[in-house]
Structure formats: structure tokens, C-alpha cells
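Asker: Protein chains in written order, with my numbering: chain D, 1 to 380; chain V, 1001 to 1380; chain S, 2001 to 2283; chain A, 3001 to 3283; chain R, 4001 to 4190; chain G, 5001 to 5190; chain Z, 6001 to 6074; chain Y, 7001 to 7074.
In this text, a Cβ means the ideal position worked out from N, Cα and C, and glycines have one as well.
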Ligand SMILES: Cc1ncc(C[n+]2csc(CCOP(=O)(O)OP(=O)(O)O)c2C)c(N)n1
Ligand SMILES: Cc1ncc(C[n+]2csc(CCOP(=O)(O)OP(=O)(O)O)c2C)c(N)n1
Ligand code: SF4
Ligand code: SF4
Ligand code: SF4
Ligand code: SF4
Ligand code: SF4
Ligand code: SF4
Ligand SMILES: [Mg+2]
Ligand SMILES: [Mg+2]
């Protein structure tokens, strides 16, 4: 058991593991890959202490498959990987969306494409996190920017996952994952935990995909007496395969609606000195750290800058950004890629603000000074 | 040998295969999946007649890997799949972008997510085609809407692929792939073929990733005396791994620039009665067929409608759309998904036009009548 | 002898019948053999999880009233591993096709054999990808026709059972749909085995493999199994040449090795001991 | 006896040396053994394609002046298959680690063995994922420590060579970095073999595996191979119990089977015959 | 081709159950009008997740001008070889659309004005010894009743697409189909 | 902590080559200031694609207030155990930044004003019998020269993070490090 | 009607019953029955023709892929 | 300087040469040489100490993982 009474100096990756355990995760299947491996290693060390199980699978496809299986059998389950592994997981991640199986997948981003820059930071998997698998689905993607956020966000990921019966992706990055900071972990028993809604009907009335008022169906586990069927084929409320137009539209529509109708619960944005800002720095993950510093730097130079940091990257916080962008002349979108989230910003912010990208993709973190430079350059 | 002298009644999938062979494809590795399988079957039948080789691999990952290997050894190579297989290919597709290896990948879209609707049509892999793999890369994605376009676009895919040393994705769909239409195939020897640029320097001066004025490097094949190294790690112009900031930025920037600087060559848009249109129907693939009919229907009802059909889906034809949208009050984006390309349209068309989606995702094709209905509903 | 209708007690009557399979397809026979094995063992429906991949065979779970899981192509064993680890009380069975388990799923198969997790895998080997229309599979013999082998196959097939044995499975057996009674009893043995057990069920796909290779109707193909099958005991006496083209049936391998979950549970127990001691002290 | 400097003629001197490997890592010894085998066979550098996946071992190709291809994790054999089919004149060799070839790449390995394509695979088995920091691999023995097995491994390992044999490889051999001369000659034999050949090279990862399992320095680990290695001929006389914990070295398997590409080429030739006949008529 | 068309389109659906060979029959019709008569034609199909069993359909759109929307919107002619298929699709017929059914199988004929019923399956079984050619027989009757192409063109298409060894059986089926339909047509017109 | 900081930040880089244990040394320092003295600290690192070999670095940012940007921008203190690392990173030092090097290895000392050179590696080898503890010794000298934390705190951190069995060797290394630095500091100030 | 089974005088119920709605007329039971209990109707469906010969050996229902045979023990 | 190899009188060139720039002082050659030709310097690098004993058996360079040994046949 981890002694949580004293503040600790731990890595973001370790904090994710502790967050998972605190949130009730009792199954982890993974395949090592830099810079996510510490999550697996910590889970291997800690899980059995809590009666949970760790297994190293033969690859990432097996890993995601195993956690889906474990979740279906009633465990809260997680896997962690980085770009190449995340790419391999896409097909079965899609299965989890389709079969509405809660689970958490952490992608600690490193430089890509391909093997790229295994030990260096990047944020180039942001669009992939939303669109990586085939077919229409609606992911929840969260992005931490500190070690303590790693803990909190992992707890939240499990809670959202159980609440909405869907995978939740955590997009961490090499800097956040490997960075050590001081954190005071809460007593795990005090952590707020949301459990998947259980059926309150007898087995013979049970529909595994019941369409409820909030589009999330109560979920029984294998072995509990509710003998249901799960398939990646389009299916009816019982889970049985169907190719009936109306059933299909209902099912697929539900995947969208259960997220769309709960944006206010799911969406989380942090801001810093945004109230009076005419210049908005939009940043997430490790870059948000540089951006916060850049806000201070800029204000010293009399630029009224503020930070808009989506914690929930997907669904993208359209509403919140639109509101804030009304007052902004300039929006600087700082990302460790060649321009990904900026497209969303462009979509949301019509003509009223100038949207510019500050992009770095050489494996190093954007610095506060670079952001300030960009503001100087672009501010009219 | 296929007798090409008489018009034939063939499927879109077959036309893709003939197009590939006409373009010089001599290697196909694949794994069967509905509704793309006829491409593999046709290649198995036809390729050896042209001295080419077909191999059925153990899965889709092996298939994409094998075609990349074959291309490196000097063959024009292709694979074909559908959603689930396309998801599995993402990691190694990313390798091909990184190592700048020409090849063609066909995704005949079916209903998703997951196993979904194997025998029914969908267009829900459009965003995935752009963003499915981790890391920043810049894909060329083409979308045919008729059997003869299947032939032409496959030829073009090979040509673009060889021209820009990158994978080209063809997003077909179940309707186009399985539909039979009359086509007159050209004599294969008359088909315009672009070959990858060969090095014109002696081996000792050869750089496999030379940064040239147009960002596409001449390419030697294995076994030709140019002994180079290929890796998915970030690399220098020789192909040797590097973690030097500047080299990395140059390399990754090049992947973007070689596409961005040649938009006019790569981008292809078909339009129909667009000149005087106030209402633009934006559609691609099989839906473009319904849209064309809808243009006629609408005009009968005195709606001045026109069709904007991106043949090149990615890079998205921002410029062309922006130009056309200026005159448009209403843009109806008709897609077989819950809204994908519409986000691009929203990004490009700022405030001047009303952008609405017409989405169908139950496995059936959108009908001309549905489009007309939508226009009636939305036109102010 | 069991009554015929025992199967009906296990079918999921909310599914549409007749089932999806072609008239005479052996998959239904395998399903029957499986159900009868489960029935003989008095395994409760609630305690059995049936997992499949994608393919004709993989449609089995939808038809039976267990905890059923139709996963993605090739991945049922990986899913099943998660199911079993999360709830070891479940009897976990995978039924899927030769393509599913041995082509795209080959890696999960050999690794599960190696780990020796207490799961039973029934591989329905019909020499072909039935569902997608007759492409060759890793078990299609050399020199056969398939929709992707118009000039006959040039790839030698796997021997599923050999592969399982050398990868580490602790129980390996084979039978055919003709030998449905034996098949059922082998599945029964596999279900009882603590460890990773594999049963290869040779089946007919007359619609694809049979049609392309002119092997006749379902009935003819099923009867053909009678002639090519050789019991293990007889096979032991035959030379490799004589065994060429034969199908050896019966229990091919049955050994004892520590089971994965039991082993892992010991770690958990060991680590939790101090905690429990703690508790005792306090109470 | 070859001169030492022959290796230098094959190194890619544009790469930065010393190489990336830890001081004393056996990977460099395997590379030397490989280069010497190539040199003895007088294979031209232009005619050899060297393919690897990801891992410490997989860094080999970058250092040598052949046609070199560093692919993705687990996929070198699939890439190599494409290379070989597209240009059968190339001698295609895969060198990669136990994790790369047998964990994530296990499926490609067994299928390539089955197809019997003329490729040589050298598996450098150091019992561990070296590159990522010491996680257990499918070859890590039971009861060993790894960064993901803090309570010792509970998974039995594969026997790489057995797996290769039962999957269909036509030449299978094993040696260790201690037996570098034998290793080189086995690689030579594998290179000469027409068909799919596998050489397992047992190597030391003292930095990860050795450190975690207190097996000492590189030198100690390399010397330990001397004691556990048993030549095939001797092994044949030993009981399974006596062989427990031993490493059998030498040629384990060498049979003849039709090679895939030759077989496929016959189809091409057959189909092109009429065409050629056509031409002759016209001329 | 009859003049009953929407904007020059003639839309045909062949429906029944998987395994009845309706896709092939549709392709033969398409080839007849397309390859042998140079018209524009699109042939599409639809089946459930399983290629076997379940209702199956094969659709044709025929036109002298370019065909945009490739699927039928309202049918000029519907062939149904099962009751299920008939029930499902007859509402898609145009007001004056033609329905052709297998008289032995489709016993409940829906209330449409133009109906032809032929015992395809049993005729095939009795006269040719196999029900497998009922598809071609019924397609032949479409040729006669719709007039979309010459009987010759259809025969050529049948011979070029029939699996090897089955050519003569298919030819016979074809001719019987022509014959029975001609009679019925005469009767209907007369 | 010395007052030479940027906005309350004190930035330290430990640099050398892979395998010298600099990440661990950095973590020990971070733990000393963070866990035992309650300051804010971030520890980050950077290595090439291979964890072994190549230059390696471990960075600390220490502050009384919340740390936003977690990496150093201009160094208050640089430790370099290889010439390569020294050459690479000394330009990142502040004007009045402190450079500490291994005197036996870093022979070309760059033109900075505040330099301390100690024979860490050889002292470790000679006095403790292993070069493996040079990292702790050099970190100990950072403690003294920068004053970022009490020696006690550092000792606690070292003992809690040292691999089992190496505690006493590390403690000795630590004390030697303190000692040699105190002397040097006195000399520099005197 | 398609079910044109010849009605015969039956002294007692059939020893096996074919559930025609599920039966696909594959012919397996007909061929495998060692006692040749079944004939087929003109659509190929099995018909119990020699019920008295049935030994309840179970071969037919064990091999019916469609669970379309039930036995009435007599 | 780090290279403090004791200079000895050498009647003829060393039979094997260590290329110190590539050598990582792993000690393999030192341990495996059957003739104990090498000593190590204080940094652990091999030094040819008993060159006359060398039989050119090749063991050292065949086992050097860093291609840091070349032989001068004498
Ligand atoms: C990732 C992926 N690739 C390919 C397919 C297509 N697919 C469906 S079933 C199948 C083969 C099935 O063969 P087998 O497992 O032998 O089952 P059978 O139909 O013969 O019972 C294939 C290739 C798929 N669904 N998913
Ligand atoms: C898809 C993917 N998953 C995981 C990794 C991380 N990874 C890199 S090397 C490696 C293991 C290497 O082990 P092995 O093949 O035994 O090589 P060694 O380093 O021991 O020589 C892993 C898991 C990766 N690069 N790509
Ligand atoms: S296609 Fe083959 S395997 Fe599939 S149901 Fe038909 S006979 Fe069975
Ligand atoms: S980590 Fe192990 S395998 Fe990798 S270079 Fe070091 S010793 Fe060799
Ligand atoms: S039980 Fe046996 S004897 Fe009776 S009908 Fe069935 S197969 Fe024939
Ligand atoms: S075996 Fe079953 S499905 Fe086949 S004919 Fe007999 S009863 Fe019908
Ligand atoms: S060649 Fe042999 S004897 Fe000479 S130094 Fe090397 S190992 Fe020693
Ligand atoms: S074996 Fe090579 S690297 Fe090792 S000490 Fe000897 S010369 Fe140096
Ligand atoms: Mg099969
Ligand atoms: Mg290894």
C-alpha cells in the first residue's frame, strides 16, 4: 500500500497510476513503450497490493483488448501507451466505443510520426485522439499539465468513463509524464468515485443498451446473472446484431448524444488572468505551463494576456472558447505540433479574432519567451 | 492480360485494381475484408499475368508493412482494406509518411465504428484518413464517385504517390466499390505514368532525404548500389537517426511543405452547375452522385443549387471552397456520417454562408430527395 | 445418451432462427457439441463466458444464452484473457475460426498457450475464410483453390495442434464434425482442464472451400471426414508418409503446468498478508 | 581465420561511433559474427538488405553499410517479406530482439516460418526488453525479476527454436555470444539456406536483465553461456531433466521444403508463357 | 425500353433471399443492356451482414443519359422470389410499376395493378432439373416484360457470365423464361 | 537558497553522460528541497533516443512560489561531469551563474566567472572504491555551493533513494562532497 | 402449401420430429441416419418415413447444424 | 590526459591494437584472451601488456562488441 500521508516527489506517470488505483482501477494490461512505461511499472508494483492484477500482454492490441474484457467482467481497467502503441489500439478502442465499455487509456505523447522521437515531448496526437479509429464516435479526452493534475485527471477519467460508459483518453506528454513534482496524494478512500450504473431490473427485463433519458445505459457485468450479448456490429438495445435502419441510427446517435447532452459535466477549462485579457494564449498539457509563465511575462510588458487551457480537449470546449474569444483581438495557439488544435480554434472563432499558431515540433518544449515573442510579433 | 478494347461492366473495386495495374503497380499485399475484398481478388488474378506478385498476409499490419518493403525495393505497391483494417494499418502508414515511401492504400468505407455494418455504406473514416496515425503528417486522400473514376483516381493516386514520395489514400465506399457500371478502360500502355524521381548522382553523394527545391527527394531502391538507411526515427538527409533540433524541424517541416507547396497540383475538385449557384451542395464519393441528381431536382424547383465535390479530400480544398462559398447563402454538407467534413467547411467558410449538415449513418445512401428536402428546409 | 432438446435450453431464443449459417454448415454441429459438453458438466449459464472474434464461426455466441462476447477479428483470446483475469470464477471459452485464431489472431493464440491461462479455445477449422467469401487461410492446404488463390495456394498450412503444443498449451485435442460425439467429449475434457486447452474442430465450408475445390455438398464433405480421420492411437503406428493428408483425432497432448492466475494470485495473497495481519491486530 | 578488420569494411562510417550499446553488450558481438559470415560468403553489400524492428538489437542496421531498413516494433519480418518479393535477387536478413520478433512480432514470425520465404532471421535473445528498460519478454524465464515483474515473472517462456520448427522454418539453429565463432558459422549456414532460416543468438543484457537478476557484469554473463550451453549432439543424449536450464546450441533443424517465391514464380511463368508465345508468332 | 420512366431512368429490383443468385441475374441484365446495347446502367446490391440467407436484392438503373444517383428511387419493375422480399419492396413500386413474382412461393400478392406470376422455381426444377437456374429464368422474363433489351443481348450476357459447365442449362432456362413471359404478356395485352 | 534567482526561481542543471546517475542525483536534490524542506520543485530530464550513452541531463527548478514553466530558462548552477556536456550547456548559465565540473574530466573550462572544479570521479574511485557514487558526491557539492537546502535534508534524500546495499557508500560520498565544497567555498569567499 | 408431407396412418408419434421452420433441408440427417429413417419431400426437407426403425441412436440430432430435430422417446 | 598508458620498450608493433576512441572498457577482451595478453589501465581500458604471448587466436576481436580491436599480423 502506498503511504499517502506525506507529500511525495513523484513523476506524472506515477501519479497517473496512483490516481487510477485511487479511482478503483484493479486491472491493467499494457505493453512497455517510452515515455509511458513507468505507468505500467508502477501498476505492476502496486496493483497486486490492492488485490488487482497487472499483465504485460504481447502487444498493444492485446492490451486494449484485455482491458475491455476485464471491464466487461466488472473491473475498472486501464492501459497506457505512447504514439505507436496508441495507433495500434485504434481498432479496439473503437470497439469499446461501440460496445460502450468503460475503460481508461493513457497516451503519453512523444515525437512522431512513426517511431519519431521516443524520449522527447510532442503534442501531435491530439487530432488522432479524436479521430484515430474508423467510424463515428465521440471520445472524451483529458490533458493534464502537472503531476498533481495527473492524479486528479486520472481519477476524473475513471469517473467519466464509468458515468458515460465509454473509454476516456488521457493525453499526457513526455514532459508531464517524466517530470517530478511535489504532490500530496489524498487518502485513496476519500477520493470521489463514480461507479457504473447497475441495472435495477431483473435479468429477464435487462437491456444492456437501454436507451435512457440521459443516453447512458445501466451496465451489468459478466457472471452476475444478466446474460447479455456484446458485439461490435450495430446492435439493438439488447445488444443483438441488427441491420435495421432505425435501430442503427438510434444506436449510433446515442453515442453522440450521451456526450453532447452532457457537455457541461464533461467539459473542463482552466483559465488564468483571462477576465481582462485581449490576448488569449490557448495551450494545454506541458505547454500550458509555459503559457502561464508567458502570461506573467507579457503582462510585465503591458500585453493583457490570459491563458485558456482546455483540460477536456475533446469534446472541444466550443462554447467556452467562443465566449472568451469575443473579447480577444489575438489568440495564440501554442502547440507542440505543426498545427492541430488551431483548426478547432479557427472553426470556433469566426472573424472576430486573429488566430495564430505558435508551433514547435523538434522535441523541445515551447518556452515562455517564445510565446512572448509571438505576441509581440502578432499584436497589432 | 485484360482485354481493354471493349467497354466492360465492372465493379468499382475491380476498376481500382485495373487502375493500379495500369499505373504500374506490381505488388499487392492484403488481408480480405468486406467490402474491399474484390480488389484483392482481382489483384490475385491479374497481377501474375503482368509479372507482379500478390500475397495474402496474416493481417493488415503485415500487409501495409509488406507493401512499404516492396516499394523500398523498387516496386509500385498497393493494399486495400476497410475500416477495421485501416485502423490497424495506422502505425505503419505513419512509417511510410516518415520514411517517405510511395504506396497506395485503398479504404473502401463501410459502416463503423468497430465491426459496425460490414456490408453497408458509410463515409465515417474521412477524418481518420487525415488524422488516424500519431504524429504530424500530411496525407493525400482521394475519393472516387464512379466506377470509371475508380480507375482514373487509382492511376492518379500512384502518380501522386511517386511524385511526392508519400502514401496516397483512396477513400472509396461500399456503394462505389460494389457498384457495377460500364467503363471503357484505356489501353494500359497509354496511361500517363509518373515514376519516382531517381537519383542522378553517384552513390557516394546520394542523400535519400535530400531537401530539394520542391521538398521531394530523389529515391533509389534497395539493390541498386545506393546503400542507404531508412528509419522511422527522426533522421537527417542521409536517413541516419538524429535528435538534433534543427535537423528534426527540417525533416518534419518538409513533410508538410512538400504537400502544401503543391496544392494546385494535388487538389482536385469537381463542380456541377456551380457558376450561378447560391446554394452549394458539398458532397464526395457515392453521395456526390445523389447530390448531382439533387442539383437537377432543385433547379426544377427553382433553387439555384450547384455541386462542390472534392476529389482530393485531403489536403482539404480550402481555397476553392472559400472562393465558391463567397457567393453561397447556403452550403449543405451531405455526408454518410454524423458530421465530419462539415467541420472543415465551417473552418473555411467564416460568417458569409449558412453551413448545414445532412447526415445519414444508418447504412443507406443519402437520396436526392433528402437533399432537396434539406434545401427547402434551410433556404431562407 | 442425452436428449436432443438439451441444446434448446441453451439457445438464445430472442435471436432470429434459423441461424445465419449456410444449410449444412458444420459450425452448427460444433455448437451442438459444445452445448452438450457444457450441459454434461452442469456449468451454470451465468458462470460461462463465451468469446469469439469475427467470421462465420464467430457468430456462435449470439445464439447461446451465456455471457457472450463477439469481439473484433483475431482478438477473442486477448479479450478472454481480460475477462478471465478480472473474474476468475467464470469458465471462459473462445470459439472462433481458423482465420480468426490463426491468421490475424495467431500471436494472441501462441502467447495464451505460453502463459497457460485457464481458458478453452475451440478453433473451428474449415480451411478457409468463410465469412468474407473463400480466401485462403493459414490452414488451407497447398495446391487448393481459393478466391485469392486462383492459381492454387503456394503456402503450406499450419498444424494448429502442433503450434499449440510447441507454444505451451497444456491440453490439445482434435476432432471433426463427423465425429460430433467425440468432439463433444473432447470439448468436455478441455473445459475440465485447468490450464490453456485447445480443441481443433475440423468443419466443412462447402459454400466456399468446397465449391472452389469441387468437394461437393455439405453431406459429402462431412462424410469425407470419416475417411481421412485417424485416431491418435492408430496414428502413432503410421509412418509420416501414410499420415499425409490424414487428420489425427483424439487427445494429442495433456500435461500439467502451473496455471497463470493461480500463480499470480499467490503474489496477491503474499502482498496482502501483511495488510490482513494489520487488520487482525486492530480488531 | 579472418582478419579482425574485415568488420570495418562493412561498418557505416558516417554513423557516430562508439555505437549506442552499453559497454560489453553482446549485440555488438552478434553484429560482428554476422558481418564475418557475410564476408566469408562474398555477398556484395549492394545485394544484401538488412531489416530490423525496434529495440537495442534493432539498432544494428544503422551501423552497417548494406541496404538497411529500421522498421517499426515487431514488423521487420513483414517488411522483409515485401522487400524480398519485390526484389528476389536481394539476400534479405532480419536481425532483431526477442521482444520485437516474439512478443509484438510473434505472428509475423510464425507465418513467415510457415510460408518458407527465403529470408534469414537472427533473433538476438537477451531475455528482456533492453531498450525500454528491462521489462519481461516472452523469453524471460519463470521466476526472474523484471521492471514489470517486481514479484518475479509468472509466465513461462517460449522456446524460440521449437516455435520456429513447428511453424515451418526449414533451418533453425542457436548459439550464444560466447560461442561467437560458431554463431558466425551458423549465420553463414542460414544465409546459404534456400528457405526461411532462423538463428537464435543468446546474448547478455547486463544493464537490465543482469542488473535486475544479479547476474553480474557483461563479462560474467558472457562467460556464463559457456557453462549452460550444450551442443545438439550432447543434448540428444541427455534427459529433459538434465537439459533443464541448459541452452542447446548448434543446428537444430534443417529440412528441405519448396520455397515460396520459387513456387510463385512458376505461376507467373506459366501465365506469361502464352503471352510470350503470342509475341513469337507476331515476330 | 418502355417509356414509363422517370427522367429517362428505368429502375428494376430483383429481390429474394441470399443464395438464389439474384445478384448474378442482375449483373446479366446489366451486361445485356450495357455491354451489348450500349446503354448506361448501374447495378448495385444490398445484403445483410451475412452474404448468406436473409433478403437479398440486386438493383438496376438503366438510362440513355448519364446516371447520377445509382440506386432506384421508385421502381419500374420489381421481381420477388420470396414473400418476404415482395412484402418489403412492393411499396417502392411506381403507381404503374410492374411486379413479377414466383407464383409458387409468393402466395399473397400485394395490391398493385401490374402483376405477373410465374412458377420459376418449380419450372426450373421440373424442366431443367435444378432450381439454381430460376434466377436466369426470372431475369429472362424481365427482359420480355420490360423490354429493356433484346433477347439476344440477354442470351449473350447469360452465356458470358454463367459458371463454366452450366451454360446450356442456363440457356434453356432463359428460353423458357422468354417463352412463358411472352405468352403472359400477350394474354395481358390481349 | 541564494538570492540570485529569476522571479524567485533557482535553476540547476546536472549534466554528463548516460549512466553517470545524474537523473538520480537530481531526484535526490529535488527530494531534499521538496520533501524535506517543503519548497516547490520540478525535476525534469532529457536524454537522447537511447537511455544509455550520449549526453544526459537532469534539471531542477526550485521556488518558494508555484512553478509554472518547469524547465530552466537560464541556469543559476550548472554541474558538468563531461567536457561535452560542459561545452554544450555553459552558454545557458546566467551571467553570475555557477559552474561546477569534474576537474579530471572537464579540462577546458569555459570562460565563466564562477567556477568550481572537483575531482569527483577519482575521489570516488579512490576513497570509496567505485565511481558510481560520483553523482551523489557532486550533488552534495551543489548543496553546499548553492545553499538550496540543508545538508541534513540532502542526506535523508540520499538515504531514501539510494539503491539498497549502497547506502553507506553514498553517505560517505555525500560527506566527502560536502567537505570538499565547504573548503572550496571558503577559499572562494576568503 | 409448401408442406405437402404425405399423411400416413401413425400408430404412435414419430420418434424424431423435424422443426421445419429451423430446418434448412441440408440432408445431413437423411444421409447419416444409420436406419434410413428419413425420406425427403420435394423441397428437400426430411420426412420421417420409417419411424419404427429408429433406435434413438442420436446421430441425426447431434449432427443437425440447425437444432431442428427433437426426439420423442417412445 | 586520460590516456596514461605506460610506455614500454617495444621490439616490434603490438600484435593487436585497441582503438581507444571506440573501446568502452567493457573488459571482455581482457577476460577472454586465453594468453592473458591484456592488462587494464586505471580507467579500465585494455592495454597490450604481453604482446609476445599473442597467438592471433582472434578470440578478442571476435568478441569485442565495439569493433575496437584490430590485429597486426606479425
Ligand atoms: C481487422 C479485420 N480484418 C478483416 C476482417 C474481415 N474478416 C471477417 S471474417 C474474416 C475471416 C474469417 O475466417 P475464419 O476465422 O476462418 O472464420 P469462418 O468464417 O471461416 O468461420 C475476415 C478476414 C475483419 N472483420 N476485421
Ligand atoms: C508499437 C510499439 N510498442 C512498443 C514500443 C517500445 N519498445 C521499443 S523497443 C521495445 C522492446 C525491445 O525488446 P527486444 O526486442 O527484446 O530488444 P532489445 O532492446 O532487448 O534488444 C519496446 C517494447 C515501440 N517502439 N513500438
Ligand atoms: S460460408 Fe462456409 S463457413 Fe460460412 S456459413 Fe457457409 S458453409 Fe459455413
Ligand atoms: S540495455 Fe541491454 S541490450 Fe540494450 S545495449 Fe544495454 S546491455 Fe545491450
Ligand atoms: S435417432 Fe438415429 S436411428 Fe433415429 S432417426 Fe436419428 S439417426 Fe436415425
Ligand atoms: S440435419 Fe437438420 S437442418 Fe439438415 S435436413 Fe436434417 S433437420 Fe434439416
Ligand atoms: S588474438 Fe587471441 S591471444 Fe591474441 S590478444 Fe586476442 S585473444 Fe589474446
Ligand atoms: S572488448 Fe572491445 S570494447 Fe571491450 S574492452 Fe576490449 S577493446 Fe574495449
Ligand atoms: Mg474458417
Ligand atoms: Mg531483448
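(1) Could you say which of 4104(R), 4077(R) and 4032(R) lies nearest to residue 4097(R) if we only look at CA atoms?
(2) Counting only Cβ pairs nearer than 8 Å, list the residues of chain G close to residue 8(D).
(3) Helix, strand or coil: which one does DSSP assign to residue 1037(V)?
(4) How is residue 4088(R) classed by DSSP in three states: helix, strand or coil?
(5) For residue 4059(R) and residue 2054(S), what's the separation of their Cα atoms in angstroms?
(6) Once the 5 residues before and after residue 235(D) are set aside, which same chain residues still bring their CB inside 7 Å of it?
(7) Could you please go through the chain and list the residues whose beta-carbon is closer than 6 Å to any non-hydrogen atom of ligand 6?
(8) Run through chain C and tell me which residues come within less than 7 Å of residue 32(D), C-beta to C-beta.
(9) Counting beta carbon pairs with one atom in the segment 178–192 of chain D and one in the segment 352–369 of chain D, are three or more of them shorter than 8 Å?
(10) Compare the C-beta of residue 1102(V) against all C-beta atoms of chain R and say whether one is closer than 7 Å.
(11) Give the interface partners of residue 1084(V) over in chain S, defined as CB-CB distance under 7 Å, in chain order.
(12) Taking buried to mean at least 16 other C-beta atoms within 10 Å of its own C-beta, is residue 7002(Y) buried or exposed?
(13) How many angstroms separate the CA atom of residue 1292(V) from the CA atom of residue 1307(V)?
(14) When the cut-off is 7 Å and only beta carbons count, does residue 3195(A) lie next to chain S?
(15) Among residues of its own chain, excluding the 5 on either side of residue 2171(S), which ones have a beta-carbon nearer than 6 Å to its beta-carbon?
(16) Please list the terminal residues of the continuous alpha helix (DSSP H) segment that includes residue 5152(G).
(17) Can you grab the Cα-Cα spacing for the pair residue 5003(G) / residue 5108(G), in whole Å?
(18) For the segment 7025–7055 of chain Y, list the beta strand (DSSP E) runs that are entirely contained and at least 3 residues long, ordered along the chain.
(19) Whose Cβ in chain V lies nearer than 8 Å to the Cβ of residue 4044(R)?
(20) Between which residues of its own chain and residue 3043(A) is the CB-CB distance below 8 Å, once the five residues before and five after are set aside?
(21) Of the residues 4034(R), 4017(R) and 4012(R), which one's Cα is nearest the Cα of residue 4064(R)?
(22) Please classify residue 3065(A) as buried or exposed, where buried requires at least 16 neighbouring CB atoms within 10 angstroms.
(23) Please determine whether the Cβ atom of residue 6016(Z) lies at a distance below 6 Å from any heavy atom of ligand 5.
(24) Any chance the CB of residue 3223(A) is under 6 Å from a heavy atom of ligand 7?
(25) Please list, in chain order, the residues of the segment 3036–3068 of chain A that have any C-beta partner in chain D closer than 8 Å.
Answerer: In terms of the structure at hand:
(1) The residue you call residue 4097(R) lines up with position 97 of the fifth chain. It is 4077(R).
(2) Residue mapping note: residue 8(D) aligns to position 8 of the first chain, counting from 1. Within chain G, the residues near residue 8(D) are 5035.
(3) For the purposes of this step, residue 1037(V) is taken as residue 37 along the second chain, with counting starting at 1. Residue 1037(V) falls in the helix class under three-state DSSP.
(4) As a working mapping, residue 4088(R) is identified with position 88 in the fifth chain. Helix at residue 4088(R).
(5) As a first step, residue 4059(R) is located in the fifth chain; it is residue number 59 there, counting from the start. As a first step, residue 2054(S) is located in the third chain; it is residue number 54 there, counting from the start. Answer to the nearest angstrom: the Cα atoms are 28 Å apart.
(6) In the first chain, counting from the first residue as 1, residue 235(D) sits at position 235. Here the set comprises 209, 241, 242 and 251.
(7) 6018(Z), 6023(Z), 6024(Z), 6025(Z), 6026(Z), 6027(Z), 6028(Z), 6029(Z), 6046(Z), 6064(Z), 6066(Z), 6068(Z) and 6069(Z)
(8) Of the protein chains in this structure, namely D, V, S, A, R, G, Z and Y, none is chain C.
(9) no
(10) The count along the second chain starts at 1 and reaches residue 1102(V) at position 102. No, residue 1102(V) lies away from the interface with chain R (no Cβ there is under 7 Å from its Cβ).
(11) In the second chain, the residue the question calls residue 1084(V) occupies position 84. The contacting residues are 2072 and 2073.
(12) For this step, residue 7002(Y) is matched to residue 2 along the eighth chain. Residue confidence is low: residue 7002(Y) scores 46 on pLDDT, short of 50, so the model does not pin down where it sits. No coordinate-derived value is stated.
(13) The residue labelled residue 1292(V) in the question sits at position 292 within the second chain. The residue labelled residue 1307(V) in the question sits at position 307 within the second chain. Each residue's Cα considered, the two are about 6 Å apart.
(14) For the purposes of this step, residue 3195(A) is identified with residue 195 of the fourth chain, where counting begins at 1. No, no contact with chain S.
(15) Residue numbering aside, residue 2171(S) sits at position 171 when the third chain is read from its first letter. Within the same chain, residue 2171(S) has close Cβ partners 2190, 2193, 2197 and 2254.
(16) If you number the sixth chain from 1, residue 5152(G) lands on position 152. Looking at the DSSP string, the run of the alpha helix (DSSP H) that includes residue 5152(G) is 5151–5161.
(17) Counted from its first residue, the sixth chain places residue 5003(G) at position 3. Counted from its first residue, the sixth chain places residue 5108(G) at position 108. With a pLDDT of only 44 at residue 5003(G), under the threshold of 50, the placement of this residue in the model should not be trusted, and no figure is reported.
(18) 7038–7040 and 7046–7048
(19) The residue labelled residue 4044(R) in the question sits at position 44 within the fifth chain. Going along chain V in sequence order, the residues near residue 4044(R) (Cβ under 8 Å) are 1175, 1178, 1179 and 1180.
(20) Working through the fourth chain from its first residue, we reach residue 3043(A) at position 43. If we look at residue 3043(A) and ignore the five residues flanking it on each side, its Cβ neighbours are 3091 and 3191.
(21) If you number the fifth chain from 1, residue 4064(R) lands on position 64. That would be 4034(R), whose Cα lies nearest to the Cα of residue 4064(R).
(22) Here residue 3065(A) corresponds to residue number 65 of the fourth chain, with the count starting at 1. When all chains shown are included, residue 3065(A) counts as buried.
(23) For this step, residue 6016(Z) is matched to residue 16 along the seventh chain. Yes - ligand 5 has a heavy atom lying nearer than 6 Å to the Cβ of residue 6016(Z).
(24) Locating residue 3223(A) in the fourth chain gives position 223, where the first residue counts as 1. Result no, Cβ not under 6 Å from ligand 7.
(25) 3054
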